[in-house]
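One structure is given here, and the rest of the page talks about it.
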Amino acid sequence: MPAAVTLHVPLIEQAEAFTGNALLLTGPARVGKLAAAWAIAAAQNCQGARGMYGEACGICRSCLALAADAHPDALLIEPRTTTATGKAARRKLIPIGAVLQGRDKGREYETHIYEFLEVRPTFARRVVIVNGAEYLGPEAANALLKLVEEPPHGALFLFLAEDRRSVLPTIVSRSARLGVAPLADHTLESALVRAGHTPDPELIAFAAGRAGVLGDLDGVRAALADARELDNSLGVGLLSALEAAERLEKRFDPAWHPEALRFTWRQRPAHQRARADTALDALQGALEAYASPSLSFQVFALGVREAFGLS
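Residue numbers (my numbering): 362 to 672.
Given below as structure tokens:
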């Protein structure tokens, strides 16, 4: 569900002062770029009394529509993570089919940018959020250029990327840039408390200032627990390690477990962490290549035990 609430509220004020057609929001993964983009989209269409930084009221018809994931003037475009057959995509890409309906042969996108912008806004301004601008293919980026330069009905493009240098220059040159920086730990702690959660030092350390981590607390906590379980089993013995790897296979979430494992290893010597990272990279590569998950996790467990000098 789109979230119009962001801990990066000053960005809303900066976006409000911008009179152009495209903004490029850059910052580390899960730092809160997407939440900031939704909050900017909400502010652009809000019909009620705005906050100190221009943030949306949260209770007008536009804000309620966005909260219900039914806003007619906001479109989110992201790279597909699965193929038409339901398997994990081997590489992330936002194809030209995301821009033009006629080029979407596999019908991967329900709504396409070009057709979306042909319609006048229902509230105030149509906003296109491209989450993962670094994955725009050259064809898709070229198809977007005319729209970005002269957007129908004064639409706003919000391009999100981890690193500006990974975005095609044609997009960068047509966008004003806003940096989304990690927040202070006490800011995240306060947000947890306001949401009714008990302060969690491990979670705050894992988040490292990235507000997006707070959006999936259950997933993060489960991944951290699984990572600790595997780490503890490694020194018990080979059978214990293989059994823990089997349990990890059944719960593995590529969004959180790799990072949780690396976080769990952070106190180990650098050379051990480097070898364990190599084993983890090999596991992810095997899963992306549709290798046997059971065998891949067993090999991974053996590789990490060897990395830590336990074999």
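C-beta: ideal position from N, C-alpha, C; glycine also.
Taking just the CA atoms, how far does residue j sit from residue i?
| i | j | result |
| --- | --- | --- |
| P530 | R589 | 42 Å |
| G458 | L505 | 11 Å |
| A640 | V665 | 6 Å |
| S423 | A431 | 9 Å |
| L622 | L648 | 16 Å |
| S673 | L599 | In the structure displayed, the chain extends from 362 to 672; residue 673 sits before or after that span and is not available. |
| D642 | N406 | 43 Å |
| V480 | R634 | 52 Å |
| G557 | V533 | 40 Å |
| P619 | L585 | 10 Å |
| Y475 | V528 | 20 Å |
By a C-beta neighbour count over all protein chains shown, 10 Å radius and 16 as the cutoff for buried, is residue i buried or exposed?
| i | result |
| --- | --- |
| Y651 | exposed |
| P456 | buried |
| I420 | exposed |
| F624 | buried |
| A542 | exposed |
| G463 | exposed |
| F379 | exposed |
| G381 | exposed |
Round the Cβ separation of residue i and residue j to the nearest angstrom and send it over; I've been treating them as touching at under 8 Å.
| i | j | result |
| --- | --- | --- |
| L595 | L671 | 6 Å |
| A668 | R636 | 3 Å |
| T387 | R608 | About 37 Å; that fails the 8 Å criterion. |
| L384 | L539 | 6 Å |
| P512 | L478 | 6 Å |
Taking DSSP's pairing of strands, which residues face residue i in a bridge?
| i | result |
| --- | --- |
| F520 | L385, V491 |
| R538 | L385 |
| L436 | V489 |
| L599 | Per DSSP, none; premise fails for L599. |
Quick check: is the beta carbon of residue i nearer than 8 Å to any beta carbon in chain D?
| i | result |
| --- | --- |
| R627 | Chain labels in this structure do not include chain D; a single protein chain is all it has. |
Review point. Does the region 559–569 touch the region 602–609, meaning 3 or more C-beta pairs lie closer than 8 Å?
Key: no
**Study point:** Segment contact flag, the region 491–504 with the region 423–443, C-beta cutoff 8 Å, min 3 pairs
**Key:** As far as the Cβ criterion goes, the region 491–504 touches the region 423–443, which means the pair count is three or higher.
Exercise for review: Report yes or no: do the region 401–416 and the region 366–374 share at least 3 C-beta pairs separated by less than 8 Å?
Suggested key: yes
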